[in-house]
Amino acid sequence: MTQTPSQTAGPFLHIGMMPETAPLAPSLPPGEQVTLHGTILDAEAAPVTDALIEMWHPQAGWARSATDGQGAWHLTATRPATAPFVNLWIIARGINTPLQTRLYFPDADWQADPAMARIPEARRATLVASKAAAGAYRLDMRLAGEAETVFFDLRGE
Amino acid sequence: MTPLDWTRHPPALTPGYFSSVIRSPRKGLIPLDPTEADLTGPVFGAQDIHHADSDLTRPGISSDALAIGPRILVHGRVLDEAGRGVPDALLEIWQANAGGRYRHARDGYLAPLDPNFSGCGRVLTAEDGSYRVDTIMPGAYPFPNGPNAWRPAHIHFSVFGWAFAQRLVTQMYFEGDPMIRHCPIVATLPSPEAVDALVARYDPEHDRPMDARAFRFDIVLRGRRATPMEA
């Protein structure tokens with residue numbers, strides 16, 4: 021059987037994915053609680069105000085956030101014990117197939133992660149968060165243009 | 440895990456769909472082998488949703504009011520590429536009302552809101568991967584993409600399988616809708632076969648007589664390939 025194709029989530033994804041009544045509860049494995057946040061900008065450096073970002077934690081945790089009027093998102097997570105990163109998954113109007121990226125913790129050994137060897141050195145920093153405050157990490161993303169964020173294709177086999 | 444099949448999914452940059460132009464990466468995707476972590480995900484269950492979440496025709500469990508529009512049910516199975524049903528897959532769905540208007544602060548279309556229609560639903564697949572939702576036929580609506588662009592009637596689907604690598608967001612269309620071939624978002628798909636895979640079929644065998652027409656929409660997620668034992 022062949023894979024069902026993707027289509028954009030469109031501008032009104034909040035109706036189904038961020039419902040006002042009974043939104044899906046995040047699930048977080050045990051660990052040091054951290055806040056992850058940032059902004060998503062388009063090719064013209066304008067904020068992407070209708071995006072949704074999901075955090076997929078290496079230990080089967082999950083959380084999501086919609087961007088606000090400034091393109092800002094924020095998530096509560098826990099620090100992974102098994103990897104120097106969390107996976108991020110981004111959809112919005114204009115994104116035909118979801119974008120997958122990672123947030124690396126600057127105070128973890130991200131340089132040694134095998135994925136880094138696949139990325140041109142000059143682009144690696146687009147995935148490394150900065151420590152914004154105690155327990156808070158910031159990663160700004162750029163969908164295209166100067167300092168375009170690295171996005172991955174999880175190919176398999 | 441099988442790779443994402445780029446003969447099926449739309450590329451990032453599709454100039455005919457204007458919104459993709461400033462929101463598409465240009466430097467190419469970096470290929471990565473999935474790690475063990477990419478083959479896991481959150482486990483959603485009955486505690487996360489209510490059985491009434493799969494009935495969009497009513498505004499609430501304690502209400503007798505009904506949404507306006509042709510009554511339909513959408514059913515099918517969530518499968519992996521080996522054809523095995525995916526149990527406990529969570530589907531989140533959302534759609535416009537019968538007039539083509541979304542219940543959303545940023546939708547200013549002229550068609551009126553329906554006080555009895557939220558357009559939001561959720562359902563978990565059964566052991567064999569099957570699901571069913573009750574809803575109303577959504578309307579077509581215009582959207583800003585050049586001088587005159589319309590969306591065919593469609594239902595948005597967000598699908599969680601058992602792994603990050605299976606995560607899918609898509610849209611379901613309706614068999615026979617002439618708007619499909621005019622839609623710039625449908626046109627982002629790489630082939631007529633990919634379009635066809637998103638078109639639900641009228642399925643009279645599953646109609647509820649004197650109540651609702653049935654449409655069938657199966658969803659195939661990336662999955663482990665069939666092992667030699669199973670093949």
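Protein sequence lines correspond, in order, to chains B and Y.
Taken in order, the first sequence gives residues 21 to 177; the numbers are from my numbering.
Taken in order, the second sequence gives residues 440 to 670; the numbers are from my numbering.
Even for Gly, the Cβ is constructed at its ideal location relative to N, Cα and C.
In the structure shown, VAL68 of chain B adopts coil according to DSSP, grouped into three states.
Interface criterion not met: the Cβ of THR87 of chain B is under 8 Å from no Cβ in chain Y. Taking C-beta atoms as the reference points, ILE624 of chain Y and ARG663 of chain Y fail to come closer than 8 Å.
In this structure LEU530 of chain Y is not in contact with ALA651 of chain Y, their Cβ atoms being roughly 18 Å apart against a cut-off of 8 Å. Taking C-beta atoms under 8 Å as the contact rule, GLN53 of chain B and GLY155 of chain B qualify, at a distance of about 7 Å. ILE35 of chain B carries a helical assignment under DSSP once its states are collapsed to helix, strand and coil. Between CYS559 of chain Y and ALA92 of chain B, the alpha-carbon positions lie close to 24 Å from each other.
Among the residues of chain Y, those whose CB is under 7 Å from the CB of GLU168 of chain B are PRO464, ARG465, LYS466, following chain order. GLN605 of chain Y is not a Cβ neighbour of LEU518 of chain Y, given a cutoff of 8 Å. For PRO470 of chain Y, the uninterrupted beta strand (DSSP E) segment begins and ends at 469-471. The shortest C-alpha to C-alpha distance from GLU74 of chain B to any of Y:ARG465, Y:HIS621, Y:PHE603 is the one to Y:PHE603. Between GLY81 of chain B and THR102 of chain B, the C-beta gap is not smaller than 8 Å, which leaves the two residues out of contact. Legend: CB atoms of the stretch 521-547 of chain Y lying less than 7 Å from CB atoms of chain B belong to residues GLY522, GLU531, ILE532, TRP533, TYR541, ARG542, HIS543, ARG545, ASP546. Using a Cβ-Cβ cut-off of 8 Å, MET136 of chain B does not count as an interface residue toward chain Y, since no Cβ of chain Y sits closer than that to its own. Taking a cut-off of 8 Å for Cβ pairs, the stretch 107-116 of chain B and the stretch 460-468 of chain Y touch, as three or more such pairs fall below it. Contacts with chain B at 8 Å (Cβ-Cβ) include ARG661 of chain Y. Around the Cβ of VAL482 of chain Y, a 10 Å sphere holds fewer than 16 other Cβ atoms; the residue is exposed. Nearest neighbour of PRO554 of chain Y by Cα position, chosen from Y:HIS543, Y:ALA485, Y:ARG561, turns out to be Y:HIS543. Put simply, the CB of PRO67 of chain B is far from chain Y, with every gap to its CB atoms at 8 Å or more. Counting C-beta pairs closer than 8 Å gives fewer than three between the stretch 576-583 of chain Y and the stretch 442-455 of chain Y, which falls short of the contact rule.
GLY508 of chain Y is a Cβ neighbour of ALA537 of chain Y, given a cutoff of 8 Å.
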